[in-house]
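Novice: Protein chains in written order, with the numbering used here: chain A, 6 to 117; chain B, 121 to 237.
Ideal placement from N, C-alpha and C gives every residue a C-beta, glycine not left out.
In this text, all values refer to a predicted model and were calculated from it rather than measured experimentally.
Got a structure for you, written out below as structure tokens; questions coming shortly.
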Amino acid sequence: KNQVEQSPQSLIILEGKNCTLQCNYTVSPFSNLRWYKQDTGRGPVSLTIMTFSENTKSNGRYTATLDADTKQSSLHITASQLSDSASYICVVSPNQGGKLIFGQGTELSVKP
Amino acid sequence: GAVVSQHPSWVICKSGTSVKIECRSLDFQATTMFWYRQFPKQSLMLMATSNEGSKATYEQGVEKDKFLINHASLTLSTLTVTSAHPEDSSFYICSASFPGTDTDTQYFGPGTRLTVL
Numbered sequence: 006k007n008q009v010e011q012s013p014q015s016l017i018i019l020e021g022k023n024c025t026l027q028c029n030y031t032v033s034p035f036s037n038l039r040w041y042k043q044d045t046g047r048g049p050v051s052l053t054i055m056t057f058s059e060n061t062k063s064n065g066r067y068t069a070t071l072d073a074d075t076k077q078s079s080l081h082i083t084a085s086q087l088s089d090s091a092s093y094i095c096v097v098s099p100n101q102g103g104k105l106i107f108g109q110g111t112e113l114s115v116k117p
Numbered sequence: 121g122a123v124v125s126q127h128p129s130w131v132i133c134k135s136g137t138s139v140k141i142e143c144r145s146l147d148f149q150a151t152t153m154f155w156y157r158q159f160p161k162q163s164l165m166l167m168a169t170s171n172e173g174s175k176a177t178y179e180q181g182v183e184k185d186k187f188l189i190n191h192a193s194l195t196l197s198t199l200t201v202t203s204a205h206p207e208d209s210s211f212y213i214c215s216a217s218f219p220g221t222d223t224d225t226q227y228f229g230p231g232t233r234l235t236v237l
């Protein structure tokens, strides 16, 4: 069964600190993996997208990694800001044009 | 990036009434639009996929007569929740993909919060 599991479920960190969110998937075949940021009461916004051959992708303070062999991905946030407080969702596409498989998200709270 | 809007952003209605939610692609023509539902602390759940000018494809367990989807143009899709009940209260999000890209490249709208009293 195609599944995407994220950990931790929630995370609280202090402003300025770094953090890493995890995503494990059992999706096959695999086309690409995306990380989205979803602010409360808003739609998801894409942060990064990686295909099978890509190991890392950065977008400002966000750096995503992908290990297609172990089917794991991580999202690293450096020098966190209060505005980083949101839900971060890992989304895997099983094949081009197929349905997206969503993780349940990690709720990040950055405190001053 | 591509912009998708939704209207209204929130709506409160009485049980038994119908509510229409609009999803528009503002700067591109959307080949396909998707409707998702999201309950608190849960991820998005695909309800249906619609292509312009054709009937929507509903996911298993989603009542097509209750959630009416119309995709009359390449820039507008509507979701009508008919005879809404409190259990229909949720966050409804649409997304759109456009010609020349795969449907796994979706641009999400800001969502509509529906509360049924």
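Closest to A:S90 by C-alpha separation, out of A:V9, A:L19 and A:S33, would be which residue?
Specialist: Cα-wise, what sits closest to A:S90 is A:L19.
Novice: Is there a C-beta anywhere in chain A that falls below 8 Å from the one on B:L164?
Specialist: Closer than 8 Å to some Cβ of chain A, the Cβ of B:L164 qualifies, so yes.
Novice: Determine the chain A residues that contact B:G231 at a beta-carbon separation under 8 Å, and present them in chain order.
Specialist: Per Cβ cutoff of 8 Å: G46, R47 and G48.
Novice: Assign B:K175 to one of two classes, buried (16 or more other C-beta atoms within 10 Å of its C-beta) or exposed (fewer than that).
Specialist: So B:K175 ends up on the exposed side.
Novice: A:L105 by DSSP, collapsed to three states: which one?
Specialist: A:L105 falls in the coil class under three-state DSSP.
Novice: If we count the other Cβ atoms within 10 Å of its Cβ and call it buried at 16 or more, is B:S170 buried or exposed?
Specialist: Buried, because 16 or more other Cβ atoms sit within 10 Å of the Cβ of B:S170.
Novice: Considering only C-alpha positions, which residue in the set A:T111, A:P99 and A:P117 is nearest to A:K6?
Specialist: The residue with the shortest Cα to Cα distance from A:K6 is A:P99.
Novice: Whole-angstrom Cβ separation of A:V32 and A:V97, contact assumed at under 8 Å?
Specialist: Confirmed, about 4 Å.
Novice: Going by C-alpha to C-alpha distance, which of B:T235, B:G173, B:S203 and B:L164 sits closest to B:E183?
Specialist: Ranking B:T235, B:G173, B:S203 and B:L164 by Cα distance to B:E183 puts B:S203 first.
Novice: Using 8 Å as the limit for Cβ to Cβ distance, is B:F218 near chain A?
Specialist: Output row for B:F218: interface = no.
Novice: Does A:F107 have its Cβ less than 8 Å from a Cβ in chain B?
Specialist: A:F107 counts as touching chain B.
Novice: Using a beta-carbon distance cut-off of less than 9 Å, what residues from the stretch 183–197 of chain B approach chain A?
Specialist: Against chain A - using a Cβ distance shorter than 9 Å - the stretch 183–197 of chain B contributes no residues.
Novice: Please confirm if A:K76 has its CB atom under 8 Å from at least one CB of chain B.
Specialist: Answer no: the Cβ-Cβ gap between A:K76 and chain B never drops below 8 Å.
Novice: Does the stretch 177–194 of chain B come within contact of the stretch 33–41 of chain A, defined as at least 3 CB pairs closer than 8 Å?
Specialist: Counting Cβ pairs under 8 Å, fewer than three are found: no touch.
Novice: Once DSSP output is grouped into helix, strand and coil, what is the label at B:E207?
Specialist: Looking at B:E207 - three-state DSSP - the assignment turns out to be helix.
Novice: Assuming B:H205 contacts B:S138 (C-beta within less than 8 Å), just tell me the rounded distance between them.
Specialist: The pair is not a contact, with the Cβ atoms about 11 Å apart (cut-off 8 Å).
Novice: Mind listing the chain B neighbours of A:G110? Cutoff is C-beta to C-beta under 7 Å, in chain order.
Specialist: Ordered by position in chain B, the residues that pass the 7 Å Cβ test against A:G110 are S163.
Novice: Which whole runs of the beta strand (DSSP E) in the stretch 151–176 of chain B are 3 residues long or more, in chain order?
Specialist: The qualifying runs are 152–158 and 165–171.
Novice: For B:L164, which residues from the same chain have a beta carbon less than 7 Å from its beta carbon, with the 5 sequence-adjacent residues on both sides left out?
Specialist: Correct list, in chain order: Y156, Q158 and I213.
Novice: Please identify the residue among A:G21, A:Q14, A:G108 and A:S15 whose C-alpha is closest to the C-alpha of A:P117.
Specialist: When only C-alpha atoms are compared, the closest one is A:G21.
Novice: Between which residues of its own chain and B:V236 is the CB-CB distance below 7 Å, once the five residues before and five after are set aside?
Specialist: Excluding sequence neighbours, B:V236 sits near C133, S135, A204, H205, P206, D208 and S209.
Novice: What's the C-alpha gap between B:R233 and B:S197?
Specialist: Between B:R233 and B:S197, the C-alpha separation is close to 17 Å.
Novice: At a CB-CB cut-off below 8 Å, which residues of chain A make contact with B:I132?
Specialist: Neighbours of B:I132 on chain A: none; closest Cβ ~15 Å, over 8 Å.
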